[in-house]
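Colleague:
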Amino acid sequence: MIEKNFINCLLNSGAISYQTLERAQRAAEESGSRVDQALNRLGLVSDDLIVQTWSSVTGIPSVAAVDLPTAPPCANSLLPAFLRHARCAPLRMAEGVLTLAVEDPLDSFTPAAVAARTGLAVDLRLIRAGDLDAWLKGLPDDTLQAATPAASDEAVSLDVERLRDRASDAPVVRLVNALIDHAIETKASDIHLTATRVGSRLRYRIDGILRDAEPPPAGLHASVVSRIKIMAGLDIAERRLPQDGRIRVSARGQEIDLRVATMPHAHGEGAVLRVLDRSAVALEFEALGLSAPVVASLRRALAAPHGLILVTGPTGSGKTTTLYAALKELTGPSRNIVTVEDPIEHHLDGVNQIQVARKVGLDFAGALRAVLRQDPDVVMVGEIRDRETVAVAIQAALTGHLVLATVHTNTAVGALPRLVDMGAEPYLVASTVRGALAQRLVRRLCPDCAAPTPLDTALARAVGMPCPESVPVRRPVGCVACGGTGFKGRVAISEFMTLSQPVRDRLLAGDDEYALSNVAAADGMIELRQDGFEKVLAGEISLDELVRVTGLA
Numbered sequence: 001m002i003e004k005n006f007i008n009c010l011l012n013s014g015a016i017s018y019q020t021l022e023r024a025q026r027a028a029e030e031s032g033s034r035v036d037q038a039l040n041r042l043g044l045v046s047d048d049l050i051v052q053t054w055s056s057v058t059g060i061p062s063v064a065a066v067d068l069p070t071a072p073p074c075a076n077s078l079l080p081a082f083l084r085h086a087r088c089a090p091l092r093m094a095e096g097v098l099t100l101a102v103e104d105p106l107d108s109f110t111p112a113a114v115a116a117r118t119g120l121a122v123d124l125r126l127i128r129a130g131d132l133d134a135w136l137k138g139l140p141d142d143t144l145q146a147a148t149p150a151a152s153d154e155a156v157s158l159d160v161e162r163l164r165d166r167a168s169d170a171p172v173v174r175l176v177n178a179l180i181d182h183a184i185e186t187k188a189s190d191i192h193l194t195a196t197r198v199g200s201r202l203r204y205r206i207d208g209i210l211r212d213a214e215p216p217p218a219g220l221h222a223s224v225v226s227r228i229k230i231m232a233g234l235d236i237a238e239r240r241l242p243q244d245g246r247i248r249v250s251a252r253g254q255e256i257d258l259r260v261a262t263m264p265h266a267h268g269e270g271a272v273l274r275v276l277d278r279s280a281v282a283l284e285f286e287a288l289g290l291s292a293p294v295v296a297s298l299r300r301a302l303a304a305p306h307g308l309i310l311v312t313g314p315t316g317s318g319k320t321t322t323l324y325a326a327l328k329e330l331t332g333p334s335r336n337i338v339t340v341e342d343p344i345e346h347h348l349d350g351v352n353q354i355q356v357a358r359k360v361g362l363d364f365a366g367a368l369r370a371v372l373r374q375d376p377d378v379v380m381v382g383e384i385r386d387r388e389t390v391a392v393a394i395q396a397a398l399t400g401h402l403v404l405a406t407v408h409t410n411t412a413v414g415a416l417p418r419l420v421d422m423g424a425e426p427y428l429v430a431s432t433v434r435g436a437l438a439q440r441l442v443r444r445l446c447p448d449c450a451a452p453t454p455l456d457t458a459l460a461r462a463v464g465m466p467c468p469e470s471v472p473v474r475r476p477v478g479c480v481a482c483g484g485t486g487f488k489g490r491v492a493i494s495e496f497m498t499l500s501q502p503v504r505d506r507l508l509a510g511d512d513e514y515a516l517s518n519v520a521a522a523d524g525m526i527e528l529r530q531d532g533f534e535k536v537l538a539g540e541i542s543l544d545e546l547v548r549v550t551g552l553a
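Numbering of the sequence shown is given in the numbering used here, commencing with residue 1 and proceeding in unit increments.
1. For residue 503, report the span of its alpha helix (DSSP H) as first-last.
2. Mapping DSSP to helix, strand and coil, what is residue 103?
3. Run the CB neighbour count on residue 85, radius 10 Å, all protein chains shown included, and call it buried at 16 or more, exposed below.
4. Can you list, in chain order, the residues of its chain whose CB lies under 6 Å from that of residue 62, leaving out five sequence neighbours each side?
5. Please list the terminal residues of the continuous beta strand (DSSP E) segment that includes residue 190.
6. Can you give the Cα-Cα distance for residue 392 and residue 172, rounded to whole angstroms?
7. Report the rounded CA-to-CA distance for residue 465 versus residue 492, giving the unit in angstroms.
8. By the 10 Å Cβ neighbour count, where 16 or more other Cβ atoms means buried, how is residue 487 classified, buried or exposed?
9. If I measure Cβ to Cβ from residue 394 and keep anything under 7 Å in the same chain, skipping five residues before and after, which residues do I get?
10. Run through the DSSP bridge pairs and tell me what residue 88 is partnered with.
11. Please identify the residue among 324, 342, 366 and 357 whose C-alpha is closest to the C-alpha of residue 351.
12. Comparing C-alpha positions only, which one of 40, 45 and 38 sits nearest to residue 14?
13. Does the stretch 443-450 come close enough to the stretch 345-363 that 3 or more CB-CB pairs lie under 8 Å?
14. Report, in whole angstroms, the separation of the C-beta atoms of residue 413 and residue 520, which I expect to be a contact under 8 Å.
15. Buried or exposed for residue 265, please, with buried defined as at least 16 other CB atoms from any protein chain shown within 10 angstroms of its CB.
16. Compute the distance between the beta-carbons of residue 380 and residue 435, then report whether it is under 8 Å.
17. Exposed or buried, what is residue 17 when buried is set at 16 or more other beta-carbons lying within 10 Å of its beta-carbon?
18. Have a look at 47, 37 and 53 and flag the residue whose alpha-carbon is nearest the alpha-carbon of residue 5.
19. Can you tell me whether DSSP reads residue 516 as helix, strand or coil?
20. Less than 8 Å between C-beta atoms, sequence neighbours within five positions excluded: which residues of the same chain meet that for residue 242?
21. Are the beta-carbon atoms belonging to residue 235 and residue 248 less than 8 Å from one another?
22. Using the three-state DSSP reduction, which class does residue 333 fall into: helix, strand or coil?
23. Which runs of the beta strand (DSSP E) fall wholly inside the stretch 362-396 and span at least 3 residues, in chain order?
24. Would residue 97 and residue 116 be called neighbours here (beta carbons separated by less than 8 Å)?
25. Using the DSSP secondary-structure output, state which residues sit across from residue 259 in a beta bridge.
26. Give the list of continuous beta strand (DSSP E) stretches no shorter than 3 residues that lie fully inside the stretch 463-490.
27. Does the distance from the C-beta atom of residue 407 to that of residue 384 stay below 8 Å?
Here it is in structure tokens:
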């Protein structure tokens, strides 16, 4: 009846004709909407006339955009997510009555829901849809801190559904797929998507260096992150805590894993995707760039029937890849090889790989103890990081197993006092460790454009290297093949310390890392910076790049 009065009012005022009304009625039937909504959607009646007519028919006063508050009342119970979903605006509260602006006077659910949520009587006002849209867009994205638990849960549910819908939109799906495809094409190791005050920042780590790229549109940042979380099987409703997951995609006929880590930032949620492309990694020592003396020493250590071999270096220095190359050389039908990793970066044929799961109590030490009951010949531990893990690893090496592990130290020699610092007895370290490898990844000069240049003797001296005269080296230039950077790919520089008797003696005597390093160098160890300088003289890397990675002496 009220809707009929609305239409008659428009007809009597001459705002619409019967032909216009018939057109709107057909459109309303096709879309399943009301006639007044069809009139407005077709542009046959303006927003202002809609509000004026409904106000006249229902007796509900109308308000303008200037009447909308900058700080709406009942913010603790009426959250932005609820207001957007219900399409209403609380105007003011006085004497137990909340004045509420709505666009649809026939919607009885919204006033009832607001009254139930606030415990107040509701007095309605009508407002133009466009004015309400503009006000709702200006509300903050999240006011969960001020919400009651029940209100918070409902608001989160509404907001999550909105994010899920937007994350499934075709433009967002295409955008995320394009981000991943570009990372694979450029051989990027990581994708960094960060929330900023004005939108998004997108960067790719290529050859170890972060490079800016065209970010997603500012309004799509949350949708893009939600899409990534959906692909990784993460909880899109949880935006206050970090989450980890994995995505598997196919590209160029290869299965590629993406390790996803999300993190709440000051201006929104960010995500980092580690690209794990097995086809891009050659699991061979020579292909990784390890020098011949280092490879020879490492292979001698791997030939031992038992003992502990350590690979050291900072995050992103290629430690796990080197361990995988070692396992590939050891793999065979006569050996039972088991790894304990967090996470498993590459799946190796012929190797039993175990993923650490701390949420269920399976940490490195617990998994390693279980592995020792599986009759292994070779055990690889992703990282030794605590007293318990180092104790089990040393016990495994003492009882006839070959144990490979990583430790976070800057030098090969530094691995020895690090184990002692974690609680291992020096005599156990001296009797079990066969050797330690330290490495870094340095950008390799592009073979297509690198140009000869005189050696910077002053810089070479600052690095602590000898300065032969008239030795040509090369510098980066930049071309199409390398994307204008002058570098293409990376190569490892490394040092390998064999635990010789002099080193064992100094360790047992309690000497520090500096003293142990001097003994190892006197015993023939080629140090990291020296190995890098030899690659500079060979034209593989630039001297500036060596300084960037290793610093000055």
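Virtual Cβ for every residue (Gly too), placed ideally from N, Cα, C.
Modeller: Concretely, from the data shown:
1. 501-508
2. coil
3. buried
4. 51, 55 and 126
5. 190-195
6. Rounded to the nearest angstrom, the gap between the Cα atoms of residue 392 and residue 172 is 48 Å.
7. 18 Å
8. Flag for residue 487 reads buried.
9. 308, 424, 428 and 432
10. 102
11. Nearest to residue 351 by C-alpha distance, out of 324, 342, 366 and 357, is 324.
12. 45
13. no
14. 5 Å
15. exposed
16. no
17. exposed
18. Of the residues 47, 37 and 53, the one whose Cα lies closest to the Cα of residue 5 is 53.
19. helix
20. 261, 262, 263 and 264
21. Contact flag unset, no.
22. coil
23. 378-381
24. Going by beta carbons, residue 97 and residue 116 fall outside the 8 Å limit.
25. 246 and 274
26. 472-475
27. yes
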